[in-house]
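For reference, the structure is listed below as structure tokens.
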Amino acid sequence: MANNVPLLDNEEPLDFGEEDLPKGRLKHPVVTTFHLLFRTAALVVYEFCGIFSSSFIGPFIFIVVLLSLDFWTVKNITGRLMVGLRWWNYIDDEGQSHWVFEAKKGGLQGRVTKMEVRIFWVALVAFPVLWSIILLIAVVFSRFQWAIIVVIALTLTGSNLYGYVRCKLGKSDSISQSFKNMAAGLVQRQMVSNVTSMFTRAPPTATPSSTV
Amino acid sequence: MRDLRAVGTKFYHVLYPKEKKALLKEWDLWGPLILCTFIAMMVQGTQEVDKQDGGPEFAQVFVIVWLGAAVVTMNTKLLGGTISFFQSVCVLGYCLLPSCLSLILCRLILIAHQNRILFLLRFIVTCIGFAWATFAAMVFLGDSQPSSRKSLAVYPIFLFYFIISWLIISHSNV
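Taken in order, these protein sequences are the chains called U and W.
Heads up, the first sequence is in this note's numbering, so the first residue is 8 and it goes up one at a time.
Heads up, the second sequence is in this note's numbering, so the first residue is 1022 and it goes up one at a time.
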């Protein structure tokens, strides 16, 4: 789907004095709720539908609908608003397919709150992990019909996870390259902090070190 | 919304396969999901008292449609097609629409008390849906194949819709 919605550009500028949100408050509470709502609902319905009815088809359709709604919401709305990332695919005029992964550069300060970022990533990572555990359980107990639902859930949540991870790591790098970059960055930071601690330890003054 | 309108446009283009751009350029998988769910719901087996209701046929349709589309796409790509994976799955899924329509007609025919003529009618309706689906899929996917390989690429598509049509014709309440 061609995505021509500008990334976070059309939001109204913050009013004077609103720049510092109290820590823990959410800038987009409705969006955050929906980010969590569909995923949790799908999981809950899967686990507890056996108590209410012995049918398979009704819950199947209900869960698949919830999963599709979740996929669409996370891909198109919550990623863009909560963490400033988006990803899509388009076919150019020669018929070549391109995958685009974008991250909002700079100017994120007033638009994104730490709490939302944390909620976003935790929910994004936790659910594929949960679904894979459930898949193992379903296969071990030979509930193969239900395993189909779990496979669908894994595909949908997993692809969102994969898309956003690639956005985060930078679109031109492959995943292994990005891990190497991350490791190099960590090593660099460690070295810098070692050097600065050497310098700040020597003079026995009481000046507090400033943090950026 | 934008997505709903896109799905509707694609349905229209499958029924009158003249213009190829709409399905190919902006693919999406909502249409195939809707069609697959609809076919699976209609084709489910009869309810038995002590077993789960119609489960096997329902899940079978899902597996056949998605795995079948994936396998046909892999075949097309391995033969040297220039189309992307999701585009091909999108086309195959949307071209289920004629089969879906023939399923609805068969269901209506099944309301009446069955005899040989009505079975023949159902058979013809299913055949028309099958031929239409295969033709539409070939219109959309044909260009991506070099011409010497076209018939090699048609055969799996033919088989795919044949199996779906078989499921449709074999669904009856007698």
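The beta carbon of each residue, even a glycine, is placed where N, CA and C say it ideally should be.
No experiment lies behind these values; they were computed from the predicted model shown.
So W:V1082 contacts chain U; which residues on that side make the cut at Cβ distance below 8 Å?
The premise fails here: W:V1082 is roughly 11 Å from chain U at the closest Cβ pair, so nothing lies under 8 Å.
Going by DSSP, which residues form a beta bridge with W:A1152?
W:A1152 pairs with nothing; no bridge assigned.
Counting only the same chain and skipping the five closest in sequence on each side, list residues whose C-beta sits under 8 Å from that of U:P135.
L161, T164, G165 and L168
In chain W, which residues lie with their C-beta within 7 Å of the C-beta of U:I141?
Those do not exist, as U:I141 stays about 17 Å from chain W at its closest Cβ, beyond 7 Å.
Spatial neighbours of W:R1170 within its chain, please: C-beta separation below 6 Å, excluding the five flanking residues on both sides.
L1100
Just mark W:H1034 as buried or exposed, buried being the case when its beta carbon has 16 or more other beta carbons within 10 Å.
It counts as buried.
Helix, strand or coil: which one does DSSP assign to U:R150?
The DSSP-derived three-state label of U:R150 is coil.
As assigned by DSSP and simplified to three states, the class of W:E1047
coil
Chain W contact residues for U:G57, given Cβ-Cβ distances below 8 Å
What U:G57 touches in chain W: nothing, since even the nearest Cβ is about 11 Å away.
In three-state DSSP terms, what is U:I226?
Only positions 8 to 219 of chain U appear in the structure, and residue 226 of chain U is not among them; the question remains open.
Strictly below 9 Å CB to CB, what residues from chain U border W:S1105?
N96, I98, G102, Q103 and S104
Give, in chain order, every unbroken run of the alpha helix (DSSP H) that is at least 4 residues long and sits entirely within the segment 34–78 of chain U.
36–59
Are any of the Cβ atoms in chain W nearer than 7 Å to that of U:I144?
no
Determine whether the Cβ of W:K1046 lies closer than 7 Å to any Cβ atom of chain U.
yes
Proximity winner among U:A130, U:F59, U:F63 and U:T120, relative to U:Y171 (alpha-carbon distances)
U:A130
Using only CA atoms, which one of U:F67, U:V194 and U:L43 lies nearest to U:C56?
U:F67
Rounded separation between U:L143 and U:I159 - CA only:
14 Å
From what residue to what residue does the alpha helix (DSSP H) around W:V1027 run?
A small correction: the amino acid at residue 1027 of chain W is Ala; Val does not occupy that position in the sequence shown. R1023 to L1036 is the span of the alpha helix (DSSP H), which, as asked, contains W:A1027.
Contact with chain W by U:E25, beta-carbon distance below 7 Å
Model confidence at U:E25 stands at a pLDDT of 47, short of 50, so the residue's coordinates are unreliable; what they give is reported in the following sentence. No, its Cβ sits nowhere closer than 7 Å to a Cβ of chain W.
Tell me the residue span of the beta strand (DSSP E) that contains U:S104.
S104 to A110
Rounded separation between W:S1186 and U:R150 - CA only
28 Å
W:Q1108, enclosing alpha helix (DSSP H) - first and last residue
F1106 to Y1115
For the structure I just gave you, are there three or more beta carbon pairs, one from the segment 35–53 of chain U and one from the segment 74–92 of chain U, closer than 8 Å?
Counting C-beta pairs with one atom in each stretch, the segment 35–53 of chain U and the segment 74–92 of chain U have three or more that are closer than 8 Å, which means they touch.
When you compare the CB of U:I84 with every CB in chain W, is at least one pair closer than 7 Å?
no
Would you tell me roughly how many angstroms separate the C-alpha atoms of U:L88 and U:V119, rounded to the nearest one?
Here the C-alpha atom of U:L88 lies approximately 8 Å from the C-alpha atom of U:V119.
Of all the CB atoms in chain U, is at least one closer than 7 Å to the CB of W:D1071?
Residue confidence for W:D1071 is low, a pLDDT of 43 falling below 50, so the modelled location carries little weight; the figure read from the coordinates is stated next. No, W:D1071 lies away from the interface with chain U (no Cβ there is under 7 Å from its Cβ).
Roughly how many whole angstroms lie between the Cα atoms of U:F148 and U:I70?
C-alpha separation (whole angstroms): 20 Å.
In whole angstroms, what separates the C-alpha of W:V1175 from that of U:V124?
48 Å
Based on Cα-Cα distance, which residue from W:I1085, W:P1167, W:V1084 and W:I1189 lies nearest to W:P1119?
W:I1189
On the CB-based measure, 16 or more other CB atoms within 10 Å of its CB, does W:L1129 come out buried or exposed?
exposed
Tell me the residue span of the alpha helix (DSSP H) that contains W:K1171.
Its alpha helix (DSSP H) spans residues K1171 to I1190.
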